[in-house]
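Take a look at the structure set out below.
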Amino acid sequence: MVGHTRASMKPGNICLLAVCFCVFVRGSESSMVAAFEGSDNHPQKMYSRGNLKYIATRLHPGDELKSCLGELCSGRSMFVLSCVGSVSCATIRCANYLKSGSSTTNDIKVLKQKFEIVSLVGSICDDGMHLHISLADKDGHVLGGHLMNATIFTTAEILLGELESTKLSRIHDQRTGYPELVVPKDQESAENEGTALERLFKYLHGGLLRLKGGDGDARGKGLCSKVPLSKSLLYLSSCYVANRRESNVLPRTDRINSRAVYKLSSQDENKVRQSYLYEDVKKVLNGYHGKRGSLKSLSLKPDIRRKAATLSLSSKTLLYGESVIDGLLNSLNLASPVQDNGFKDPTIRNSLPSDDSLYRRIVTTDLLFGSGKLSKSGHDPVLHEVMRSLRRNQSQIHQKFQEYLQLSGHKSVAEFVSSKSQNSSAVRNHPRFLRINLLKATRESVARSLEDEGFTRVNHVSVGPLGMQDKKRCFSEDEIIPDILTIWNKVDLHNHHLVTSGLVLQQDKASTFPVHALIGTGTLHSERKFNFVIDACAAPGNKASHLAAVALQPDKGVLVAIEKSPEREKLLRETLRRMGCTSVRVYRRDWLQVSHDDELLSQADAIVVDPSCSNSGVLRDAMDASPSRLRGLSDFQRKALIHALSFPSVKFVVYSTCSVHREEDEEVVESALNAVGDRFHLEHVLPQWKRRGIPSASFPSALSECCIRADPDKDLMHGFFVACFARKT
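Structure (structure tokens):
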């Protein structure tokens, strides 16, 4: 049918309708290709065809197959397309029906040998998963059943599918005794409206792009938001569309290998980019709070449409959202009702705003400190409701903010912004730091390389940041931290050969303190080495690579890096690979679920705990944290620290945060000491560093002096806190 139609019609005729009718009615999605990449919620690549997404990922040795799939598929309705790999052990359930009666018994088989994965099939949703696996032993014999658990031996290369428009669930079925799959009914009447071609594009994205075929007519009536904005292309296999100009929409087509290509004009592409701004800002802020990267790195991801605008609005929302916007909206009764923010981690879930509340911060920040007008509303129904509410109250919001400015003694928004920026004025003079990777280089070799490129070596003591403003390309060697070089002028080093080759790492000086506190830098125990070290919250890998370089016994020391998030685990592995840390073992696990009786991990003699925190010490991202958020974070931090102190062989535990709040720093240490004070004491670390902990009535100076702090304004680095627990002998 398709062949005859193409032969008898000219390009631009009804053949496109005929072809698309066959594609849509027969349900053949292989003929539709909407190529785009990007989602910061998955560890590998995501591709999309219509309302179906494809996710490719790989699991590593030691990963738990079922738990990793559960984490990856959280909040989604997914199914397994293919899986290739091997397991070192597995637990399966086989259903054996008894001959007498209608009852059943279930045999559970524990397989403690290596198997190749022959197949893995099943569906996954928030209510659970139903997976069946087939395994082949070394002789090629195959057995299979319901997957209960399996540990990856070498690898597992998995391709998953996600149904965006279908929400799967599981409900207990009394007839089977198990939670069984429930598929919601589709709105068939809506899907069947219009021509086959209209329905095809409705299928691609809610009817946003509709082409009507007939008498050689093909009109662009909207925008397809699933178009890859880097290329602005929508591919339709084996189809032709006529060139057309109408209603300020300028579609045109090219023939490429017998495919028609629908191209968006620059006008249309800008509309699509604009409509996604608030949604992209929400994505960046959620990623930042989930510790999946910095604002800059998240804003530069391929799937972020307007990168500069997204970074700017994300930064402003962090700076003003909680400290200014929330109070203003509360005073106008425009604050959000409490809703679920979608995070599974209870610490993050309890300390972060809901989608509704976050959108209110973002949109109001843009209204007051950004463009001054509301952007397009995008496609999130939550955002639609928020913007409808805020549009009705724009004048009240502006009026209330003017009252706020007068009460705070500011004559204008510009004056207010300037005063807020004074807290971060050190950013302009903030030096750059390079940590030398002692696995690959020495301080002298890196210093000479910089000098060969025209950098001038200067005396750190005699030069302050203000005195360096008129200097060009200067660096100094740090007097306290031996593997740190300070670059005193603003030089973009991201693509410098020393960085890309792993000879140095761009790392803030303060974040090197935990490792130096562990090895005893500047003390009588300087450069002590360990047999077995655990980095408990390891991503993105700066501390893990530092530990591998300076903290392990030569040729026999072991480092285990633990990370819960699949995406952050990928970042961790990439950092370790670039830095040449070939001997580090990476485990994807929840630190609080790691047993101190584990046969391997219980041997650790040193543990570094750098848990999730408010990031209030990070210069560019500093913000005021609410009391409820600090309570949630400090509760998790306390549990993570006390858990590390429970390991039977551990002699030293270092606790650190990039926070300036006592609730996350001294108070957590004090609580841990109360729990383990009979077994551990605080060690006085980095004695040459002058800024120490903050004392209190219950945390006297004898204890606070053992801790160290970094002040972002006075020390020209990130705010930081470090304490080292040593086992009593």
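Letter by letter, the sequence shown follows residues -30 to -1, 1 to 699 of mature numbering (1 follows the signal peptide of the UniProt record, and there is no 0). Backbone N, C-alpha and C fix where the C-beta goes; we use that ideal spot for every residue, glycine too. All values derive from a computational prediction rather than experimental measurement.
Anticipated Cβ contact below 8 Å, residue i with residue j, distance rounded
i	j	result
Ala106	Phe85	6 Å
Leu247	Thr280	7 Å
Leu529	Val503	5 Å
Arg331	Gly379	That pair is no contact at about 24 Å.
Gln364	Leu302	That belief does not hold up - the Cβ atoms of Gln364 and Leu302 are roughly 11 Å apart, past 8 Å.
Ile25	Ser56	The Cβ separation is near 21 Å, so there is no contact.
Glu127	Ile141	The pair is not a contact, with the Cβ atoms about 32 Å apart (cut-off 8 Å).
Lys698	Phe650	6 Å
His111	His102	Wrong, their Cβ atoms sit about 17 Å apart, outside the cutoff.
Ala480	Ala680	4 Å
Asp478	His688	5 Å
Val639	Cys583	Wrong, their Cβ atoms sit about 13 Å apart, outside the cutoff.
Pro682	Gly587	6 Å
Tyr625	Leu643	Not confirmed; about 11 Å, so no contact.
Limits of the unbroken alpha helix (DSSP H) element including residue i
i	result
Thr280	277 to 290
His368	364 to 377
Cys38	35 to 42
His598	Checking the sequence shown, residue 598 turns out to be Ser, not His. Ser598 -> alpha helix (DSSP H) spans 597 to 615.
Ala417	413 to 422
Val469	467 to 470
Ser267	265 to 269
Glu301	The sequence as given places Ser at residue 301; Glu does not occur at that position. 296 to 301 is the extent of the alpha helix (DSSP H) around Ser301.
Ser674	671 to 674
Val638	636 to 646
Arg547	536 to 548
His566	It is not in any alpha helix (DSSP H) - His566 carries neither H nor E in the DSSP assignment.
Per DSSP, cross-strand counterpart(s) of residue i
i	result
Gln476	Leu404
Ser104	Ser89, Gly114
Val64	The amino acid at residue 64 is misidentified as Val; the sequence shows Cys. Cys64 is bridged to Asp77.
Ser626	Val692
Ile577	Ile504, Val623
Arg697	Phe650
Val50	Leu130
Leu338	According to DSSP, Leu338 bridges with nothing at all.
Thr426	Cys444
Val57	Phe85, Ile122
residue 723	Because the chain is modelled from -30 through 699, residue 723 falls outside the range shown and cannot be assessed.
Start and end residues, beta strand (DSSP E) containing residue i
i	result
Gly131	112 to 133
Tyr258	Segment 247 to 259 is the alpha helix (DSSP H) holding Tyr258; no beta strand (DSSP E) there.
Thr482	Per DSSP, Thr482 belongs to no beta strand (DSSP E) and is neither H nor E.
Ser446	444 to 447
Arg558	555 to 558
Lys23	22 to 29
Leu517	From DSSP, Leu517 is part of no beta strand (DSSP E) but of the alpha helix (DSSP H) over 512 to 520.
Ala667	Run containing Ala667: none; DSSP gives neither H nor E here.
Arg262	Element bounds for Arg262: n/a, residue is neither H nor E.
Gly274	The sequence given here places Ile at residue 274; Gly does not occur at that position. No beta strand (DSSP E) holds Ile274; DSSP gives it neither H nor E.
Ile454	454 to 457
Ala531	528 to 533
Ala305	Unbroken run through Ala305: none, as it is neither H nor E.
Short Cβ contact (8 Å threshold) for residue i with residue j
i	j	result
Pro691	Ser629	Residue 691 is actually Phe in this sequence, not Pro. Yes, they are a contact pair.
Asn119	Lys23	no
Ala693	Leu652	yes
Ile450	Gln658	yes
Gly550	Lys370	no
Gly340	Lys266	no
Glu633	Leu600	yes
Thr335	Leu283	yes
Arg402	Ile457	yes
Ala645	Val579	no
Arg413	Thr426	no
Gly472	Arg559	no
Gly511	Leu468	no
Ser52	Thr121	no
Leu517	Asp453	no
Phe49	Ser93	yes
Ala487	Ala514	no
Phe445	Leu420	yes
Residue i CB to nearest heavy atom of the ligand ZN below 7 Å
i	result
His654	Of ligands this structure carries none, so the ligand ZN is not represented either.
Test: residue i CB closer than 8 Å to a CB of chain D
i	result
Leu455	In the structure shown, chain D does not exist; there is a single protein chain.
Original post:
Any chance the stretch 615 to 631 sits against the stretch 530 to 547, with 3 or more Cβ pairs inside 8 Å?
Top reply: no
Original post:
Is the number of C-beta pairs between the stretch 567 to 578 and the stretch 34 to 50 that are closer than 8 Å three or more?
Top reply: no
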